[in-house]
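Note that the protein sequences, when read in sequence, are chains F and Y. Start counting at 1 in the first sequence, then tack on 56, and there's your number in this note's numbering. Start counting at 1 in the second sequence, then tack on 85, and there's your number in this note's numbering. Encoded as C-alpha cells, the structure appears first; notes follow it.
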Amino acid sequence: MRSFRTLATYGFLGVMAFVSVFPFAWMIIGATNTSADIIKGRSWPGSALAENLSTLVTTNNVPEILYNSFKVAIIGTALTLLVASMAGYGFEVFKSRFKDRVFGGLLLLMSIPFAALMVPLFVLTGKIGLINTHIGVILPSVAALSLLFIMFYFRQATIAFPSELRDAARVDGLKEWQIFAFIYMPVMKSTYAAATIIVFMAQWNSYLWPLIVLQTNDKKTITLAISSLGTQQLPDYGALMVATILATLPTLLIFFVLQRQFVQGMLGAVK
Amino acid sequence: MRLNSLKSTGSLGAMLTAGALSLAAGTASAETMLTVWSWDPNFNGDSMQRAMARYQAEHPDVSLVVADFGKDALEQKLQSQLASGSNQGLPDIVLIEDYAAQRFLLTFPQAFEPVGEHVDLSGMAPYKVALATVDGTAYSMPFDSGVTGVFYHRADLEAAGFAQDDLVGITWDRFIEIGQSVEAVTGKDFLVQPFNRTDLLRLMLQSAGTWYTTPDGAVSLGADPRFRKVVEEYIKVMTSGIVQDAAGWTEYVGAFTSHDVSGVATGAWITAAIKANADQAGEWAVAPIPRIDGIEGAVHASNVGGSSWYVMAEGPNTEVALDFLNDVWAGDSDFYADILADKGAVGSLLAARHTAAYDAPDPFFADQKIWADFADWLGVVPEVNFGVFTFEAEAAFLAYVPDVIRGDAALDDALETYERRLTQAIR
Numbered sequence: 057m058r059s060f061r062t063l064a065t066y067g068f069l070g071v072m073a074f075v076s077v078f079p080f081a082w083m084i085i086g087a088t089n090t091s092a093d094i095i096k097g098r099s100w101p102g103s104a105l106a107e108n109l110s111t112l113v114t115t116n117n118v119p120e121i122l123y124n125s126f127k128v129a130i131i132g133t134a135l136t137l138l139v140a141s142m143a144g145y146g147f148e149v150f151k152s153r154f155k156d157r158v159f160g161g162l163l164l165l166m167s168i169p170f171a172a173l174m175v176p177l178f179v180l181t182g183k184i185g186l187i188n189t190h191i192g193v194i195l196p197s198v199a200a201l202s203l204l205f206i207m208f209y210f211r212q213a214t215i216a217f218p219s220e221l222r223d224a225a226r227v228d229g230l231k232e233w234q235i236f237a238f239i240y241m242p243v244m245k246s247t248y249a250a251a252t253i254i255v256f257m258a259q260w261n262s263y264l265w266p267l268i269v270l271q272t273n274d275k276k277t278i279t280l281a282i283s284s285l286g287t288q289q290l291p292d293y294g295a296l297m298v299a300t301i302l303a304t305l306p307t308l309l310i311f312f313v314l315q316r317q318f319v320q321g322m323l324g325a326v327k
Numbered sequence: 086m087r088l089n090s091l092k093s094t095g096s097l098g099a100m101l102t103a104g105a106l107s108l109a110a111g112t113a114s115a116e117t118m119l120t121v122w123s124w125d126p127n128f129n130g131d132s133m134q135r136a137m138a139r140y141q142a143e144h145p146d147v148s149l150v151v152a153d154f155g156k157d158a159l160e161q162k163l164q165s166q167l168a169s170g171s172n173q174g175l176p177d178i179v180l181i182e183d184y185a186a187q188r189f190l191l192t193f194p195q196a197f198e199p200v201g202e203h204v205d206l207s208g209m210a211p212y213k214v215a216l217a218t219v220d221g222t223a224y225s226m227p228f229d230s231g232v233t234g235v236f237y238h239r240a241d242l243e244a245a246g247f248a249q250d251d252l253v254g255i256t257w258d259r260f261i262e263i264g265q266s267v268e269a270v271t272g273k274d275f276l277v278q279p280f281n282r283t284d285l286l287r288l289m290l291q292s293a294g295t296w297y298t299t300p301d302g303a304v305s306l307g308a309d310p311r312f313r314k315v316v317e318e319y320i321k322v323m324t325s326g327i328v329q330d331a332a333g334w335t336e337y338v339g340a341f342t343s344h345d346v347s348g349v350a351t352g353a354w355i356t357a358a359i360k361a362n363a364d365q366a367g368e369w370a371v372a373p374i375p376r377i378d379g380i381e382g383a384v385h386a387s388n389v390g391g392s393s394w395y396v397m398a399e400g401p402n403t404e405v406a407l408d409f410l411n412d413v414w415a416g417d418s419d420f421y422a423d424i425l426a427d428k429g430a431v432g433s434l435l436a437a438r439h440t441a442a443y444d445a446p447d448p449f450f451a452d453q454k455i456w457a458d459f460a461d462w463l464g465v466v467p468e469v470n471f472g473v474f475t476f477e478a479e480a481a482f483l484a485y486v487p488d489v490i491r492g493d494a495a496l497d498d499a500l501e502t503y504e505r506r507l508t509q510a511i512r
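Listed below in C-alpha cells is the structure:
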C-alpha cells in the first residue's frame, strides 16, 4: 500500500515535472534548429544554433535591447522595493486612526484593471514629457507593483519585526529613517529577497505599458522585441527561440541566486 | 536613432552652409525625418526603407526612421494612443492590416489624412483603395496585396492524371472532385486549414464579392443571399475530405512545406514560406482559385490578408509624408519590381505588371510566371467593405459553424445562433 502511494506520488510529480520542463526543453531544442525544421515539428537538437544567433544579432541590436530591459527592470525593482517596504513599514509601525481606511482604499485600487488606467495614464505621461523614455515606463510600474501585493506583503512581514528592536534603537538616539535603513532593512533581508524575485520578474516581463509608452526601436525592451519577431511575414522561429532563451535567463539566474532567501521570505522573515 | 544623430552631426557643416545659403536666398530648408510604425523589419519596414532611398535621390534632406512592433501590438498601441487624444510621439505613417482599416477609420475619423485627396491612387488595384474608403474619400496608400492562388505540389496532381490546366477556370465542385481523385492516388489531402482561422472562408467570401457584414453595417446572413450560398459551398469543401485540419499556424505551414498535404489556397505572401524550402525547387505550381458556382459576379480571384499605409493627420510631417507616398508609392513601377524581386512583396500598383521582375519565370515554380499571374488576378479581385466587425463575426462563426462541419449540428440552427450572437456583438 505504502509503495503504491510512493509510486503514485512520484508518478504525479514526474508528470508535473515533465509539464513544467517541457516548454524549456522545446525552447532550447528549437534554438538549435532552423525555422523550417521547427515548422516541420523536428523535436531533437540540430546544428543551427550559431546561425540562429547570428540572425538574431544581425536583425536586432541585442546589446541595446538587453541594456534597456536591465535598466528598466533593475531601476524599477529597486524603486518598487523601496517604496513598497517604506509603505509597509509605515502602515504597520505608526499609529493612526485612519491608516486602516487608507490601506483599505489602496487595496481597493488593486481591483481596477490596468486596461482602464492605460489611456489616462498615457495622457498624464505625455503631459509631463515622459513618452518614449524609460522613466516613463518605470514610474507607473513602480506605483502599480507597489500597490499590487508588494506593499501588502511588506506590511504582513513587518508584523513579525520586533518592536523591541525599534524601541532599543530609539533609546540609542536613531532617527526613524536610520532605524529603517540600518535596522529594519538588514533584518528583513529575506523578505526583500523574495520580493526582489517577484518584482524583477514582473518588471522584466512587462509588456503592455512599455508597448504603449516606447515609440522607437532604440528604446525597446526584450518583450517588445520578441513580440515583433513572432509576427513577421516569415517568422524565424529559430532566432525567436534564441531570443526567448535570452529573455528567460536573467529571471532564472535571479531565482537560483535568491532561492534560499525566497523560501525563507515566504515562510516568514523574522525567526 | 543613434545612427541618425551621428548622421546629423556629420552633416552639421553642410547644414550650416545650407542655413547660410537659405538665409541669403530667403527660403528655409531643414532636415525632415519621417517616422513610420510597421511590423516587419524584413518586409514592410524594409520596403519603406527602399522607397525612401529612391525618394532621397530627389530629396536628400528627408530621412526615415522605422519603429517595428508586433502586428497586433501595433494596433493596440495605435488604438490606445488615438483614444487618449494625445498626438505626442505619433508617427507620420503607420501600417494597418486591411481587415482593421474600417475599424480605425470609423472610430477615429479625424486621426487619418485623406490620402486620396493628395495622392493619385488611380493606378492602384481598385479593391485595395475601396477597402479604406469612407464616404467616397480614400484614406490609404495600398501596400502589399494578399491576392490569392492555389499553391500545390505538381507531382500530386499529375499522379492522379491531371494537368495544370485542369485546375484553371473551374468551380469549387470540380475542385473537390479533383482533390478527391488526388487523395485516392497519393493518400494526401489537397488543402489544409487551421481550426482556429477562417482564411479559406475569407477567400471564398471575397471571391464572391461579399463579406460578413454589408457596407451599411448589417449582418450579411439576413441581408445578402450570397453570404449563405458561400457558407454552403465552404461547408461542402470542408466536409469533402480534401481539407486537413491543422492545430495552429505552424502546423498549417508545416503541412504543405513538408508535403503532408498537396497544397494550400491563400494569399501570395505565402510564397516566401514555400520558397524557404530550397529542396522543393521546381516541384510547385500555382493555379487560380476555383469560382463559386451560382453566384453572379463570382470570380477566380480573391484576397487574404494584406496591409496599407496611413498618414496621421496630426503627425509631425504630414505634407512631406504625402509627397513621399505620391512620389514613390503611387507610381514608381521600378520600385515595385525591386520589392517583388528581393522581398516577394506583391504591391498594389497595377502598372508594375509590365516590369521585367513581374514577367520573369520562377524556377522554383518550374518556370511558371507566377508573379504575372498574380498581377493579372490582382486587377479583378472584387471590392469588399470589410466593415468594423470582421473579428467579431469570425469569432461567432468559429463558435458555431464548425459543429456543422463535424456533423454535430444542422446548418440552419448554427447560422441562426451565429446571426443572433453577431447581432448582439454589433449592438
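Using N, Cα and C, we set each Cβ at its ideal position, and we do this for glycine too.
Could you tell me which chain Y residues have their CB closer than 7 Å to the CB of V175(F), listed as they occur along the chain?
-> In chain order: S165, A168, S169.
Would you decide whether N281(Y) is buried or exposed? Buried here means 16 or more other CB atoms lie within 10 Å of its CB.
-> exposed
Should D250(Y) go down as buried or exposed, given a rule of 16 or more other Cβ atoms within 10 Å for buried?
-> Counting Cβ neighbours within 10 Å, D250(Y) comes out exposed, since fewer than 16 surround it.
Which value, in whole angstroms, describes the spacing of the CA atoms of F210(F) and K276(F)?
-> 31 Å
Own chain residues within Cβ distance below 6 Å of T440(Y), not counting five before or after = S418, A422
Of all the residues that make up the segment 162-189 of chain F, which are near chain Y by a beta-carbon distance shorter than 7 Å?
-> M174, V175, F178, V179, G182, I187, N188
Could you name each continuous alpha helix (DSSP H) segment of 4 residues or more that falls completely within the segment 148-236 of chain Y, going from the start of the chain to the end?
-> 156-169, 186-192, 211-215
Minimum length 3: unbroken beta strand (DSSP E) runs contained in the segment 102-172 of chain F = none
Taking the C-alpha atoms as reference points, what is the distance between G453(Y) and F170(F)?
-> Inspection of the sequence shows that residue 453(Y) is occupied by Gln rather than by Gly. Each residue's Cα considered, the two are about 53 Å apart.
In or out: R61(F) buried (at least 16 other Cβ within 10 Å) or exposed?
-> exposed
Could you tell me the distance, in whole angstroms, from the CA atom of A499(Y) to the CA atom of M297(F)?
-> 40 Å
Compute the Euclidean distance between the alpha carbons of L216(Y) and A495(Y), then round it to the nearest angstrom.
-> 33 Å
Would DSSP call P279(Y) helix, strand or coil?
-> Strand at P279(Y).
Using three-state DSSP, classify Q329(Y) as helix, strand or coil.
-> strand
Mind checking whether G464(Y) and L435(Y) have CB atoms under 9 Å apart?
-> The answer is yes: Cβ separation under 9 Å.
Measure from the C-beta of R287(F) to each C-beta in chain Y and report whether the shortest distance is under 9 Å.
-> As written in the sequence, residue 287(F) is Thr, which differs from the Arg given in the question. For T287(F), the answer is yes, since a Cβ of chain Y falls inside 9 Å of its Cβ.
Among N129(Y), V147(Y), D205(Y), R135(Y), which one has its Cα closest to the Cα of E116(Y)?
-> V147(Y)
If you drop the 5 nearest sequence neighbours on each side, which residues of the same chain put their C-beta closer than 6 Å to that of T112(Y)?
-> Here T112(Y) scores only 36 on pLDDT, less than 50, and its place in the model is too uncertain to base an answer on.
Using a C-beta cutoff of 9 Å, does S433(Y) count as contacting chain F?
-> no
Within chain Y, the residues that G97(F) reaches when beta carbons sit closer than 9 Å = T335, E336, G339, S343
Can you pull the DSSP bridge partners for G391(Y)?
-> S230(Y)
Sequence ranges, alpha helix (DSSP H) only - wholly within the segment 61-108 of chain F, length at least 4 = For the segment 61-108 of chain F, whole alpha helix (DSSP H) runs of length 4 or above, ordered along the chain, are 91-95.
Shorter than 9 Å from the beta carbon of N261(F) to some beta carbon of chain Y?
-> No, because no Cβ of chain Y sits closer than 9 Å to the Cβ of N261(F).
Tell me T120(Y)'s beta-bridge partners as DSSP assigns them.
-> V150(Y)
Give the straight-line distance between the Cα atoms of L165(F) and I377(Y), rounded to the nearest whole angstrom.
-> When rounded, the distance between both Cα atoms is 56 Å.
Below 8 Å, can you find three or more Cβ-Cβ pairs linking the segment 257-271 of chain Y to the segment 379-394 of chain Y?
-> Contact between the segment 257-271 of chain Y and the segment 379-394 of chain Y is absent, with fewer than three C-beta pairs closer than 8 Å.
Where the alpha helix (DSSP H) through T295(Y) begins and ends | Looking at the DSSP string, T295(Y) is not in any alpha helix (DSSP H), and its letter there is neither H nor E.
Does the Cβ of P194(Y) have 16 or more other Cβ atoms within 10 Å, making it buried, or fewer, making it exposed?
-> Result: exposed.
Proximity test, Cβ basis, 9 Å: W414(Y) and chain F = no
Taking a Cβ distance cut-off of 8 Å, strictly less, list which residues of the segment 135-158 of chain Y are near chain B, in chain order.
-> Protein chains in the displayed structure are F and Y, and chain B is not among them.
Any idea what DSSP makes of S107(Y), helix, strand or coil?
-> Residue confidence is low: S107(Y) scores 38 on pLDDT, short of 50, so the model does not pin down where it sits. Its coordinate-derived value is still stated next. Note: S107(Y) maps to helix in three-state DSSP.
Close Cβ partners of A415(Y) (< 6 Å) along its chain, the five nearest in sequence each way excluded = V204, D205
Spell out whether any CB of chain F is found under 9 Å from the CB atom of A361(Y).
-> yes
Kindly identify the DSSP beta-bridge partner or partners of A478(Y).
-> Bridge partners of A478(Y): none, in fact.
Could you please tell me which residues of the segment 172-203 of chain Y, in chain order, have their CB closer than 8 Å to any CB of chain F?
-> Q173, G174, P176
Are there 16 or more other CB atoms within 10 angstroms of the CB of F459(Y), so buried, or fewer, so exposed?
-> buried
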